[in-house]
Every structure is written in structure tokens, then in C-alpha cells.
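Taken in order, the sequence shown gives residues 15 to 291; the numbers are from the working numbering. Beta carbons: idealized from backbone N, C-alpha and C, even for Gly. From a predicted model like this one, the values you see are computed outputs, not experimental measurements. Heads up: the structure comes next, in C-alpha cells.
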Amino acid sequence: MNATVNQHRSFHHEDAPYTLPNDAPEWKRLDDMHEGIDAYLGHRLSYAPVDQNVKRILEIGCGSGAWATQAARTYPDATVTAIDISEPPPRRLPENVVFQKVNVAETLPFEPESFDLIHARFVFVHLPDWEAILQRVITLLRSGGWLLIEDLNHVFLSDNDGIGPGIQKFQDVIREYNAHRNVDSFVGSKLERTLRNTSQFSEVNVVEVKCRFDGDSEDPNTSGIGQTMRESFRKAYQALDPKLGVTPEVQAEFYKEFDDPGRNIYLKIYMTWSRKK
Numbered sequence: 015m016n017a018t019v020n021q022h023r024s025f026h027h028e029d030a031p032y033t034l035p036n037d038a039p040e041w042k043r044l045d046d047m048h049e050g051i052d053a054y055l056g057h058r059l060s061y062a063p064v065d066q067n068v069k070r071i072l073e074i075g076c077g078s079g080a081w082a083t084q085a086a087r088t089y090p091d092a093t094v095t096a097i098d099i100s101e102p103p104p105r106r107l108p109e110n111v112v113f114q115k116v117n118v119a120e121t122l123p124f125e126p127e128s129f130d131l132i133h134a135r136f137v138f139v140h141l142p143d144w145e146a147i148l149q150r151v152i153t154l155l156r157s158g159g160w161l162l163i164e165d166l167n168h169v170f171l172s173d174n175d176g177i178g179p180g181i182q183k184f185q186d187v188i189r190e191y192n193a194h195r196n197v198d199s200f201v202g203s204k205l206e207r208t209l210r211n212t213s214q215f216s217e218v219n220v221v222e223v224k225c226r227f228d229g230d231s232e233d234p235n236t237s238g239i240g241q242t243m244r245e246s247f248r249k250a251y252q253a254l255d256p257k258l259g260v261t262p263e264v265q266a267e268f269y270k271e272f273d274d275p276g277r278n279i280y281l282k283i284y285m286t287w288s289r290k291k
């Protein structure tokens, strides 16, 4: 079988790098998250000043297909190749979207300099040896093309009295599991340095977004994306693959603190756009 089922949720195969389900509730979560980020970006695909004449777009880890669909409609003359470890939901995609089932941790079956634009959102934080995979991704981008990466530090922080022992225990379990798989929980804050150190880009840009889960921000856009990410993480953590070893007791303590508005819990997202030399 390609998936295992536990507690009525469908998961990827045992060796898959992605530890969340591949079913209808997960696609809905990804759609909702895309809508929140899209609103934050002002209904743009990215901060990058991408030329309207792009012809070849690659999305890595397309999930529900929401970003690929938006890209296809934004650039109707382009071909959008959307890849993921699992099939997308059974919905109609724009005619200029082509899906390929690919495990990026194992292969990237494309010729060098095949794409004008490459996008990955919250992908590298799930992958083992992410920097090596990033190097392979960069080879697929043509000179002058744009690499758009949004990722995060998979760690919760607090402006007040700390995140609490329940959240800390939860994070420790996940971080231990990730470390065993050589997965980096701090990809987001390392992106800018890693991209610059490749010496492959004429410019590397990054915006750090503090996503406060209580929605208490002077910037309404930041409030919106904070609430989006809060709901997304809540749903994601309710559906973690059992192989992570998160017990119901650990989850209960986590949510007790996670839902406490007095803790002012937040995490950081890093939005990058880099142009290849």
C-alpha cells in the first residue's frame, strides 16, 4: 500500500518525508492556509517582480494545488509543472497545469535550467538534508529566473512568560523525531545565508513575518496571517502521523497552552525571492 490509515486519516508511505495526511481534510487545511497567505501578499504570488512572459514554472510540494492554480491563472501562457509525493485532490485544474508524482528527497527528473520560476512553500522544513536538495533545485532554474521559497522555523516562541512545559514537551518530541531523520527545524532563518552562500544569485531578498497566534498586531495583514497559521497548525497537529510518537497526553497539554491567549504564542515565517545570475 502507498499509505497507512490511523484514526480514519490517510497517510503517506512509511518512508515519506511528509508526516501529515494526504486526504480531504488536509487539502482543505492547505487551501485555507494558501488563502491566508495570499491575502497577506495582496493576492500576489510573491514579492518578486516576475516578468509576465514566464513560460515554465515549477512548484515543489504542490499539496492541494492552490498555488499552482493561482500561478496558472496569473500566467496563462506558461506551463506550470506541479510536483508532490502524493496525487492532488480530484478537482479540475487549469489546462496549463501538469502534475507529476515526485519525491523530491529522492529525485528531481528535470533537465538543468528547465524553468523560469520555481516555488516551494513550507517544503524544506520537512526534508532531510535540505541544503543538498536545494542545490539540486537551483540547477533547474535558468539564468535570470526567480526562486521563491517560503519556509519557517518549526518552533513556537512567546512574548510573555514562555511557551509553557506542554508546548515544550510537544516540540521536543517532534524535534527529536526530526533530528533522527536529519530534518532541520530551523530552515526558515537559515534560508537567506544558505542562498547567498551558493553564489548562484544576483540578489537574495527576505521578509521575516512574525505570526502572532492571538491576532494582536497593529498591522491587519500580520494579524490575518497569524490567525491563519494558528488554525493551520492546530489542524495539522490534530492529524500527525502516529509514527512521531506524540501521545494524547502530550497533545492535551500542548493545546491547553497553545490556546492560552495570555502566552502570546507566535512563530516566524521567512519569505524569500532570489534571482539567479
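query = Quick one: what's got a C-beta closer than 6 Å to Leu122's C-beta in the same chain, skipping five residues either side?
reply = By 1-based counting over the sequence shown, the position of residue 122 is 108. Taken in chain order, the residues that qualify are Arg150.
query = Would Lys257 be called buried (16 or more neighbouring beta carbons within 10 Å of its own) or exposed?
reply = In the sequence shown, counting from the first residue as 1, residue 257 sits at position 243. It counts as exposed.
ask   = What are the boundary residues of the alpha helix (DSSP H) that includes Phe268?
value = Here the question's residue 268 lines up with position 254 in the sequence shown. First-last of the alpha helix (DSSP H) with Phe268: 262-272.
Buried versus exposed, by CB contacts within 10 Å (16 or more), Glu217 = Here residue 217 is taken as the residue at index 203 of the sequence shown, counted from 1. Under this definition Glu217 is an exposed residue.
request  = Confirm, please, whether the CB-CB distance from Val197 to Leu141 is below 9 Å.
outcome  = The residue given as residue 141 occupies position 127 in the sequence shown. The residue given as residue 197 occupies position 183 in the sequence shown. Yes. Within cutoff.
request  = Quick one: which unbroken alpha helix (DSSP H) runs of 4-plus residues sit fully inside the segment 140-225? Chain order, please.
outcome  = 144-153, 179-194, 201-211
query = Taking just the CA atoms, how far does Ser100 sit from Lys115?
reply = Position 101 of the sequence shown, counted from the first residue, corresponds to residue 115. Position 86 of the sequence shown, counted from the first residue, corresponds to residue 100. Rounded to whole angstroms, Lys115 to Ser100 spans 6 Å at the Cα level.
ask   = Hey, out of Trp144, Gln84, Asn67, whose CA is closest to Ala193's CA?
value = As a working note, residue 193 is residue 179 in the sequence shown. The residue with the shortest Cα to Cα distance from Ala193 is Trp144.
C-alpha distance - Leu44 paired with Glu120, whole-angstrom precision = Against the sequence shown, residue 44 aligns to sequence position 30. Against the sequence shown, residue 120 aligns to sequence position 106. So the alpha carbons of these two residues sit roughly 23 Å apart.
inquiry  = Excluding the 5 residues flanking Pro275 on each side, which residues of the same chain have their C-beta closer than 6 Å to its C-beta?
reply    = Against the sequence shown, residue 275 aligns to sequence position 261. So the list reads Asp228, once near-sequence residues are dropped.
message = Mapping the DSSP letters down to three states, classify Ser237 as helix, strand or coil.
response = Taking the first residue of the sequence shown as 1, we reach residue 237 at position 223. DSSP places Ser237 in helix when its eight states are reduced to three.
query = Candidates Lys224, Val112, Lys42: which alpha carbon is nearest Val169's?
reply = Mapped onto the sequence shown, residue 169 falls at position 155. Val169 has its Cα closest to that of Lys224, out of Lys224, Val112, Lys42.
inquiry  = For Thr286, report the span of its beta strand (DSSP E) as first-last.
reply    = Along the sequence shown, read from residue 1 onward, the residue named residue 286 stands at position 272. Run containing Thr286: 279-290, per the beta strand (DSSP E) assignment.
key: First through last residue of the alpha helix (DSSP H) which encompasses Asp52   = On the sequence shown, residue 52 is found 38 positions in, with the first residue counted as 1. Counting along the chain, the alpha helix (DSSP H) containing Asp52 begins and ends at 38-54.
query = Below 8 Å, can you find three or more Cβ-Cβ pairs linking the segment 229-241 to the segment 159-167?
reply = no
inquiry  = Do Lys291 and Ser157 count as a contact pair if the criterion is CB distance below 9 Å?
reply    = Residue numbering aside, residue 157 sits at position 143 when the sequence shown is read from its first letter. Residue numbering aside, residue 291 sits at position 277 when the sequence shown is read from its first letter. Yes, the Cβ-Cβ distance between Ser157 and Lys291 is below 9 Å.
ask   = Leaving out the 5 sequence neighbours to the left and right, which residues in its chain are closer than 7 Å to Asn110 when beta-carbon positions are compared?
value = Residue mapping note: residue 110 aligns to position 96 of the sequence shown, counting from 1. Counting only Cβ-Cβ distances below 7 Å, and skipping sequence neighbours, we find Ala86, Pro90, Ala92, Thr93, Val94.
query = If you drop the 5 nearest sequence neighbours on each side, which residues of the same chain put their C-beta closer than 7 Å to that of Gly238?
reply = The residue you call residue 238 lines up with position 224 of the sequence shown. Cβ within range, chain order: Gly50, Ala53, Tyr54.
query = Any idea what DSSP makes of Glu73, helix, strand or coil?
reply = Here residue 73 is taken as the residue at index 59 of the sequence shown, counted from 1. Looking at Glu73 - three-state DSSP - the assignment turns out to be strand.
query = When the Cα of Glu125 is compared with those of Leu72, Val139, Ala266, which residue comes out closest?
reply = Sequence index remark: in the sequence shown, residue 125 carries index 111 (1-based). Selected option, being the one with the closest Cα: Leu72.
task = Could you check which residue in Thr261, Trp41, Gly77 has the C-alpha nearest to that of Phe184?
result = Position 170 of the sequence shown holds residue 184. Closest by alpha carbon: Thr261.
query = Any idea which residues DSSP pairs Gln114 with across the strands?
reply = Position 100 of the sequence shown, counted from the first residue, corresponds to residue 114. In the DSSP output, where bridge partners are listed per residue, Gln114 has Ile97.
ask   = Taking just the CA atoms, how far does Cys76 sit from Arg105?
value = Working through the sequence shown from its first residue, we reach residue 105 at position 91. Working through the sequence shown from its first residue, we reach residue 76 at position 62. Going by the C-alpha atoms only, they are around 14 Å apart.
ask   = What residue from Leu254, Gln241, Gly178, Arg207 has the CA that sits closest to Phe268's CA?
value = Stepping through the sequence shown from its first residue, residue 268 is reached at position 254. When each option's Cα is compared against that of Phe268, the closest is Gly178.
ask   = Secondary structure at His22, three-state DSSP: helix, strand or coil?
value = The residue given as residue 22 occupies position 8 in the sequence shown. At His22, the pLDDT of 48 sits below 50, so the modelled position is not reliable; the number obtained from the coordinates is stated separately. Coil, per DSSP.
query = Once you ignore the five residues that flank Leu59 on each side, which residues in its own chain have a CB closer than 8 Å to its CB?
reply = Within the sequence shown, the letter at position 45 stands for residue 59. Here the set comprises Trp81, Gln84, Ala85, Thr88, His133, Leu162.
ask   = Hey, Asn219 and Thr286 are a contact pair by Cβ (cut 8 Å); roughly how many whole angstroms apart?
value = Taking the sequence shown and counting its residues from 1, one reaches residue 219 at position 205. Taking the sequence shown and counting its residues from 1, one reaches residue 286 at position 272. About 6 Å separates the two Cβ atoms, so the contact holds.
message = Here's a check: name, in chain order, each residue in its chain whose Cβ is nearer than 8 Å to the Cβ of Pro63, leaving out the five neighbours to either side.
response = Sequence index remark: in the sequence shown, residue 63 carries index 49 (1-based). Cβ within range, chain order: n/a, list empty.
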